[in-house]
Each structure stands twice: as structure tokens, then as C-alpha cells.
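What follows is a short report on a single structure.
Residue numbers (our numbering), protein chains in the order written: chain A, 1279 to 1401; chain B, 6 to 237; chain C, -7 to 257.
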């Protein structure tokens, strides 16, 4: 099943986000091997060169590194991954908080809503 | 020669219309290029000229720096829009045919793809449905380890599942030294697979960019840009 | 490459021609059986019981002759159709993108076509032998009125005959090929143009040769007086020369069009 992409932004940038997410969430484990470009491009139904560009970006961000003949591996630097993850988490919370405030909710109301959601989840 | 396909002032004139008007185009290696345009814009004409099936009225078309001839045909794999296999042949015979004439034909790969698509080697082309024939033709072309692939409307009349399979095959077939040109008017399906796009409008090239460039500079998908450029 | 092309050529054309040939032979066999049942070649029409048999056999022989004609005509028609459809119609998209030179393409069709022409004649001869059988043995002269001496002239004549027949056969087929090639240059009425060109070029050559002969007569009448001018060898040589010339012209027309003027639909 091919991945879905927005139509107005470069695909390589979106690929970076998707793969990054998989790394930060742990779906791609630290130190683990990334699928080959060909396999991943086929799975995502994207151009291999585009994927290559995405991998290069990830490498620049330090999330991925290439070993000459062995292929591409996720960074083992768990601290870095964790800090990046927290960075994005904070941004997500910031964004959520901002949207809720623009709807007119106060902090107390927001916490209540979140708690209700948690309880629904536990059921 | 670093240019796989080059057109220099390529012109094709018919008694009643000008199919290609002094087209200039350069395609490098290792790219998947979309040749996009409405029906009658000259896409098929350009491809046939590169194959030597048409002779130019003016200008040149060069494959690996050479005019179309025996040498270019060795490294060029062509998938036409029409059914071109002799009806009396079986699928197996078609494979043997390609094996006999093309050195770079990968028989094992072809047999594997046939099996994967559930096509029996003993089936005759005559008895196959249109969709199956197209699949056989695609298998024959993609099993060749060519430098330049020219696919004319490969996903046009095919069901969505087959479409995915075709795109998947193209991606899996990708080699750094080869280039695939896909001519189509169904852009949405293939946009993600393309490196570059070439817009052909009434025999002239109106645009040649990478997909990323289009999205970054125009802020829209190639599909959206196409609709804008070719608005009726 | 040439060998492989010819292999597929035989495969594609044989599928259609062989059934026709087998039909002709079977027909001959059938006729022969009926005749033998009726009492053999010499007597079957005498026995009154078999009156109706005579009529039946009469019809069968009529159809048999049609079958022979059909075999010969089918061969030529198939050769022409094969050349046209495989190079200029949908199959042309496959054939013309093969990494094979135009020369090889032409010979790849020419040689199998010549083989089929020869085969059709052989089939006719075989079927006649089947039909007439013993009659031939009865009438075959046991003593020829002349001696068959293999002098050097005779050998040369035989060779020249063989050569000019072969070249003549090839040139004849090439005449069709060049006409078809020119015909498909037109936007419409391609077949019509091909027919016109075929006869047109043939007449043109005939006129040229007549003029050439008259030219020799007019400008060097003593040439005709030479004892060597009209013997078997010189005639065969002239025929060979004429065939060679025509064959070459047709070959180069076909080659030029296929190489430089190909415009598939």
C-alpha cells in the first residue's frame, strides 16, 4: 500500500517527516538497519532519487548514517533521538494548546477534556 | 555520452499538421521522466522518432549520442500503446523471441513476472484479453536491461491494481545508468514516481522541471499545474 | 540474427501455408484412391457400374486442379501479405525496433519466400505423381532420342540456368517488396499505388530491355551475325543479367525506403 502525500509540498520533504516519525517513535529502532532505497521506494511508491534525497537530509540531521558497504543505519545516539522527540512533542503540545485557546478554552477546561479522553481510552 | 536522449530542433510535419515543432530536449541518466501532455500533443510522435519508426522532417533525435539505428535499438526498450505481438505466438514464444534478439533480455525475470501475474506460457496472444496482452508486453519490456525505456501510456487502459503493479515494477527496475520515460495524461497516479516532468503542448515543450521544483516554486502538485497549463 | 529471423519467418508463414499444401496432397491421394477403386487408371471409365464414379472423379479432378492453382496463388499472396503486415502494420512496431539491419530484414523475408515458392512447385509435382502414379512409369521413355553428354558447355549452360532461375525467383519476389514499400509511402490508397507501381516498374524494365536489344541491332548489326550471339549460353547470360539488374534495383528501392523513409502510421 503506497503512502499518502500532500500535493503542494515536495515529496522528499514529506518523506523526511514520515521516516523521522518512524525513528522518533521507535518503529525504526536505534542502531537498526534501514530498508534499502529500492525496497522502501517500492513500498512507498515513490521515485528512488527522491527517497535518496530524503535519506541525505536525515543523515544531515544526524538521525541516519551510512556505513560504506553495509547500508544505512539509524543513529544509536538515543539521547539525540530522545531530545529531538521531546522537541517535536513540545511543538505538538504548543500547537494543540494554541488551537484550543483560539477556540476559547481555558487551561482548566483543556485539562478536563484531556483527562476525559484518557479515561475513554482506558475503557 | 552523458545524455541518454537528446532532441535538437526536432520537427515532424504531416500534410495537415505540425506534430513537433523544433523541439529541444535533454535527458540524463538515472531518471524517471514524465512526458506529459493532452492527446495529440506529440508525445507518441516524439517517442516513435526516437525509435526510428518515423523519420524527422527536420532536426535530430539522438539516443546515447547516436541517430536511431541498430546500435540504439540494442539499448532502447519500447512499450507502444498498441498491441504489437504476433497473434499466433504464445506468451512463452514471445519471451523466446525477445531472448533471441536482445542480448540484454533477462529470461528469468520475465518468467518470474509471468508467473506472478498468473499468465500461462502456453496461452496464445490471440486468446488473451486486452489487459493481459498489455501485461505481457510490459513484462517483455521491463525484462530488458536497457539504457532507455520509452513507455507510451503504460497505465492508460489498465485497472488500478495493475497500475500499482506497473509502477512498482518501474521502481524496482530502477538503475542508476538507465532512464525511464513515461508518456501519459494520468498524472496523479505517477507523480510520486517521477524525477522530472516535461510538458508537451501542441508539438512544443512548454516546461521541463523536476517534480520537487514544481512543488517548491509553484506550490502545487504537477497534476494541479498541468490542469492549469492545459486548461480548456 | 539472419538465422533467427528466418526461423520466425518460417514459423509464422508455415502455419498458414503448410495446411494448404497438405490439403493439395491429400486431395491427390483421395483422387488416386477413388481411381484405383474404380479399377485403375486405364480401365476405370470403361466399367458400366462405375458411371457415376466417372462423374464424381471428374468433379474431383476439377477441384484438384483448382487446389493446385490455389496452392500456388496462396503462396504468393501469403508472401506479399507477410512482408506488408510484418513490416508496415502493427507488427512493424516490433519488427522495426529489433536491433537488426534493414539488409538482414530483407534477406530474412526473401529467402524463406523463395523457399516457399520452390516448395509450392514441389508440392504440385508430388501431387501429380501421386495422382497419375503408374501412368508416368508407363509413358516415361526408356530411351532418350539423344545422348545426355556433359560437355563443358552443357555444364555451363546448366549452371547458368540454375543461376538465372534463382536470381529470377529472387528478383520476382523483390519486385513485390519494392512495390509494397513504395505503396505504403502514400497516405491513402496504399495498395492501389503498390499495384500500379508493380506493373509500372515491370513494364518500364521490359521497355528498357527491348530498347537495349534494338539499340544493339541498330548500332552494331554485325553483333547478330556472330555465331556466339544466339547460343544457349549467351541467352541465359542475358536473362541472368536482366534479372540481376531488376533484382538489384528492387532491392535498393526496398532498402532505401525501409531505412530512410519509414513512417509507421
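By construction, the Cβ of each residue, glycine as well, lies at the ideal position given by its N, Cα and C atoms.
Since the structure is predicted, the reported quantities are computational estimates derived from the model, not experimental observations.
Q: Helix, strand or coil for residue 1303 of chain A, going by three-state DSSP, please let me know.
A: Within the first chain, numbered from 1, the residue matching residue 1303 of chain A stands at position 25. Correct three-state label for residue 1303 of chain A: helix.
Q. If you draw a straight line from the C-alpha of residue 147 of chain B to the C-alpha of residue 7 of chain B, how long is it?
A. Position 142 of the second chain, counting from 1, holds the residue named residue 147 of chain B. Position 2 of the second chain, counting from 1, holds the residue named residue 7 of chain B. Cα to Cα, the separation comes out at about 22 Å.
**Q.** Given residue 124 of chain C as reference, the closest of C:10, C:233 and C:24 once Cα atoms are compared
**A.** For this step, residue 124 of chain C is matched to residue 132 along the third chain. The option with the nearest alpha carbon to residue 124 of chain C is C:24.
Q) Going by beta carbon distance, what residues of the same chain come within less than 7 Å of residue 158 of chain B, once the five residues before and after it are set aside? A) Looking up residue 158 of chain B in the second chain gives position 153. These residues qualify, in order along the chain: 86, 188 and 189.
Q | Exposed unless 16 or more other CB atoms sit within 10 angstroms - verdict on residue 1290 of chain A | A | Here residue 1290 of chain A refers to the residue found at position 12 of the first chain. Classification for residue 1290 of chain A: buried.
Q.
Just list the residues that DSSP pairs residue 214 of chain B with in beta bridges.
A. Here residue 214 of chain B corresponds to residue number 209 of the second chain, with the count starting at 1. Paired residue(s): B:202.
Q | residue 188 of chain C versus C:179, C:168 and C:203, residue with shortest Cα-Cα distance | A | As a working note, residue 188 of chain C is residue 196 in the third chain. Nearest option by C-alpha distance: C:168.
Q.
Can you give me the C-alpha to C-alpha distance between residue 200 of chain C and residue 10 of chain B, rounded to a whole angstrom?
A. As a position in the third chain, residue 200 of chain C is number 208, starting the count at 1. As a position in the second chain, residue 10 of chain B is number 5, starting the count at 1. About 48 Å.
Q) Roughly how far, in whole angstroms, is the beta-carbon of residue 48 of chain B from the beta-carbon of residue 42 of chain B, given that I think they are within contact range, below 8 Å? A) As a first step, residue 48 of chain B is located in the second chain; it is residue number 43 there, counting from the start. As a first step, residue 42 of chain B is located in the second chain; it is residue number 37 there, counting from the start. That belief holds up - the Cβ atoms of residue 48 of chain B and residue 42 of chain B are roughly 5 Å apart, short of 8 Å.
Q: Inspect the CB distances between the stretch 85 to 94 of chain C and the stretch 52 to 61 of chain B and report whether three or more fall short of 8 Å.
A: yes
Q) Which partner residues does residue 1342 of chain A have in the DSSP bridge list? A) Within the first chain, the letter at position 64 stands for residue 1342 of chain A. Beta-bridge pairing links residue 1342 of chain A to A:1352.
Q) Applying a beta-carbon distance threshold of less than 7 Å, which residues of chain B neighbour residue 144 of chain C? A) In the third chain, residue 144 of chain C corresponds to position 152, counting from 1. Within chain B, no residue comes near residue 144 of chain C; the closest Cβ sits about 45 Å away, beyond 7 Å.
Q) Around the Cβ of residue 1292 of chain A, are there at least 16 other Cβ atoms within 10 angstroms (buried) or fewer (exposed)? A) Here residue 1292 of chain A refers to the residue found at position 14 when the first chain is read from its first residue. By the 10 Å Cβ count, residue 1292 of chain A comes out buried.
Q: Would you identify the three-state DSSP class for residue 194 of chain B, choosing helix, strand or coil?
A: Looking up residue 194 of chain B in the second chain gives position 189. Helix, per DSSP.
Q. Grouping DSSP H, G and I as helix and E and B as strand, with all else coil, what is residue 160 of chain B?
A. Position 155 of the second chain, counting from 1, holds the residue named residue 160 of chain B. Of the three classes helix, strand and coil, the one that applies to residue 160 of chain B here is coil, per DSSP.
Q: Could you list the residues in the stretch 20 to 47 of chain B with a C-beta less than 7 Å from some C-beta on chain C, going in chain order?
A: 20
Q.
Quick check: the Cα distance between residue 1402 of chain A and residue 1336 of chain A, rounded to an integer number of angstroms?
A. What is shown of chain A runs 1279 to 1401, which leaves residue 1402 of chain A out entirely.
Q.
Between residue 1300 of chain A and the ligand GDP, is there a pair consisting of the residue's CB and a ligand heavy atom that are separated by less than 7 Å?
A. Judged by which ligands are present, the structure shown has none, so any question about the ligand GDP falls away.
Q) If you measure from the beta carbon of residue 1353 of chain A to each beta carbon in chain B, is any gap under 8 Å? A) Within the first chain, numbered from 1, the residue matching residue 1353 of chain A stands at position 75. Taking Cβ atoms only, chain B never reaches closer than 8 Å to residue 1353 of chain A, which makes this a no.
(Q) Once the 5 residues before and after residue 249 of chain C are set aside, which same chain residues still bring their CB inside 6 Å of it? (A) If you number the third chain from 1, residue 249 of chain C lands on position 257. Within the same chain, residue 249 of chain C has close Cβ partners 173.
Q | DSSP bridge partner residues for residue 187 of chain B (one or two, in chain order) | A | Counted from its first residue, the second chain places residue 187 of chain B at position 182. Answer is B:39 and B:156.
**Q.** residue 1324 of chain A, DSSP secondary structure in three states
**A.** Looking up residue 1324 of chain A in the first chain gives position 46. Coil, per DSSP.
Q. Between residue 199 of chain B and residue 109 of chain C, what straight-line distance do the alpha-carbon atoms span, to the nearest angstrom?
A. Residue numbering aside, residue 199 of chain B sits at position 194 when the second chain is read from its first letter. Residue numbering aside, residue 109 of chain C sits at position 117 when the third chain is read from its first letter. If you take the alpha carbons of residue 199 of chain B and residue 109 of chain C, they lie about 53 Å apart.
**Q.** Amino acids of chain A, ordered along the chain, whose beta-carbon sits closer than 9 Å to that of residue 197 of chain B
**A.** Numbered from 1 along the second chain, position 192 holds the residue referred to as residue 197 of chain B. Within chain A, the residues near residue 197 of chain B are 1280, 1281, 1283, 1289, 1322, 1323, 1324, 1325 and 1328.
Q | Buried/exposed call for residue 1375 of chain A, threshold 16 Cβ in 10 Å | A | In the first chain, counting from the first residue as 1, residue 1375 of chain A sits at position 97. Under this definition residue 1375 of chain A is an exposed residue.
(Q) Checking 8 Å against the spacing of the C-beta atoms, do residue 15 of chain C and residue 59 of chain C come in under that value? (A) For the purposes of this step, residue 15 of chain C is identified with residue 23 of the third chain, where counting begins at 1. For the purposes of this step, residue 59 of chain C is identified with residue 67 of the third chain, where counting begins at 1. Yes, the Cβ-Cβ distance between residue 15 of chain C and residue 59 of chain C is below 8 Å.
Q.
Please classify residue 1364 of chain A as buried or exposed, where buried requires at least 16 neighbouring CB atoms within 10 angstroms.
A. For the purposes of this step, residue 1364 of chain A is taken as residue 86 along the first chain, with counting starting at 1. By the 10 Å Cβ count, residue 1364 of chain A comes out exposed.
Q) Does residue 89 of chain C get closer than 8 Å to chain B when you measure Cβ to Cβ? A) Along the third chain, read from residue 1 onward, the residue named residue 89 of chain C stands at position 97. Closer than 8 Å: yes.
**Q.** Option nearest residue 253 of chain C by Cα separation, candidates C:118, C:94 and C:27
**A.** Within the third chain, the letter at position 261 stands for residue 253 of chain C. Taking only the C-alpha atoms, the option nearest residue 253 of chain C is C:94.
Q. Taking Cβ-Cβ distances below 8 Å as the criterion, which residues of the stretch 1295 to 1320 of chain A are in contact with chain B?
A. 1316, 1319 and 1320
Q: Mind checking which residues open and close the beta strand (DSSP E) that includes residue 13 of chain B?
A: Residue mapping note: residue 13 of chain B aligns to position 8 of the second chain, counting from 1. Residue 13 of chain B -> beta strand (DSSP E) spans 8 to 18.
(Q) Residues of the stretch 153 to 178 of chain C in Cβ contact with chain B at a cutoff of 9 Å, in chain order, please. (A) none
Q) What's the call for residue 234 of chain C, buried or exposed, on a 16-neighbour Cβ count within 10 Å? A) Position 242 of the third chain, counted from the first residue, corresponds to residue 234 of chain C. Burial call: buried.
Q. Is the stretch 150 to 169 of chain C close to the stretch 236 to 245 of chain C, with three or more CB pairs under 8 Å?
A. yes
**Q.** Chain-ordered residues of the stretch 81 to 100 of chain B with a beta carbon less than 7 Å from chain C
**A.** 83, 85, 87, 88, 89, 90, 91 and 93
Q.
Would you call the stretch 69 to 83 of chain C in contact with the stretch 88 to 96 of chain B, where contact means no fewer than 3 C-beta pairs closer than 8 Å?
A. yes
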